[in-house]
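Novice:
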Amino acid sequence: MMKKLFLLLAVASLFAFDAQAQVQYKVVTVIESIVPAGIGRSRIIEEKQDINSGDFTTTRTDGKTSNQDDVRRKDLKVDAFEETKLLNFFSLGGINFQNVASNDAIISDKLNQLTADGWELAFVNSGVESSCGGDDGEGIFITRYVFKR
24 MMKKLFLLLA
34 VASLFAFDAQ
44 AQVQYKVVTV
54 IESIVPAGIG
64 RSRIIEEKQD
74 INSGDFTTTR
84 TDGKTSNQDD
94 VRRKDLKVDA
104 FEETKLLNFF
114 SLGGINFQNV
124 ASNDAIISDK
134 LNQLTADGWE
144 LAFVNSGVES
154 SCGGDDGEGI
164 FITRYVFKR
């Protein structure tokens, strides 16, 4: 009886270890325009194509680069992705709070869909890009949501 229990626990631990080793990550990017008058483009972007980053990675040793130098920019682009339209932060009158609330509702729905599909939000990273000059009327607010399952 003790041998059977030990064997059962050993087999169960193998399955538990295997389940932990297969973590998958997904990045969803939200880009919200900070361009006045609503002329910018705001979107949620989600890739829908598996890619091997090693195909685009070079290794340098002794000042020499591996043979991956022939990779062109067009080779790096994925063809399958999903775009969800969002509203811009600014309208002609300045910040449009209705647009902000609408974007929040759309982003929340997207996050809820991903959670329902078994994804868990691991962390969030955000930033702003803008010229910050005297006529600072351009820029984007970008947020990256990193999920795992």
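Going by the working numbering, the letters in the sequence shown line up with residues 24 to 172, in that order. A virtual CB, placed ideally from N, CA and C, is assigned to each residue, including glycine.
Name the DSSP beta bridge partners of residue 105, please?
Specialist: Paired residue(s): 69.
Novice: Please look up how many angstroms separate the CB atoms of residue 120 and residue 57, rounded, as I've assumed it's under 8 Å.
Specialist: The Cβ separation is near 15 Å, so there is no contact.
Novice: Does the stretch 44 to 53 come close enough to the stretch 163 to 171 that 3 or more CB-CB pairs lie under 8 Å?
Specialist: Counting Cβ pairs under 8 Å, three or more are found: they touch.
Novice: Please list the segments of the beta strand (DSSP E) lying wholly inside the stretch 111 to 166, counting only runs of 3 or more residues, in order along the chain.
Specialist: For the stretch 111 to 166, whole beta strand (DSSP E) runs of length 3 or above, ordered along the chain, are 143 to 153.
Novice: CB-CB under 6 Å to residue 133, same chain, minus the five flanking residues each way: which ones, in chain order?
Specialist: Taken in chain order, the residues that qualify are 67.
Novice: Would you list the residues sitting across from residue 49 in a DSSP beta bridge?
Specialist: According to DSSP, residue 49 bridges with 170.
Novice: So, at 8 Å on beta carbons, what are the nonlocal neighbours of residue 118 in its own chain, with the 5 sequence-adjacent residues on each side left out?
Specialist: Within the same chain, residue 118 has close Cβ partners 112.
Novice: Let me check understanding here. Comparing Cα to Cα, which of 150, 106, 135 and 34 lies closest to residue 69?
Specialist: Taking only the C-alpha atoms, the option nearest residue 69 is 106.
Novice: Leaving out the 5 sequence neighbours to the left and right, which residues in its chain are closer than 6 Å to residue 63 when beta-carbon positions are compared?
Specialist: Around residue 63: 56 and 111.
Novice: Mark residue 76 as exposed unless 16 or more other C-beta atoms lie within 10 angstroms of its C-beta, in which case mark it buried.
Specialist: The residue in question, residue 76, is exposed, as its Cβ has fewer than 16 Cβ neighbours within 10 Å.
Novice: May I ask which residues mark the beginning and end of the alpha helix (DSSP H) holding residue 173?
Specialist: What the structure shows of the chain is the stretch from 24 to 172, and residue 173 is not part of that stretch, so it cannot be assessed.
Novice: Using DSSP's beta-bridge definition, name the partner residues of residue 54.
Specialist: 66 and 165.
Novice: Within 10 angstroms of the Cβ of residue 148, are there 16 or more other Cβ atoms? Answer buried if so, exposed if not.
Specialist: When all chains shown are included, residue 148 counts as exposed.
Novice: Give the straight-line distance between the Cα atoms of residue 126 and residue 135, rounded to the nearest whole angstrom.
Specialist: Roughly 14 Å separates the two Cα atoms.
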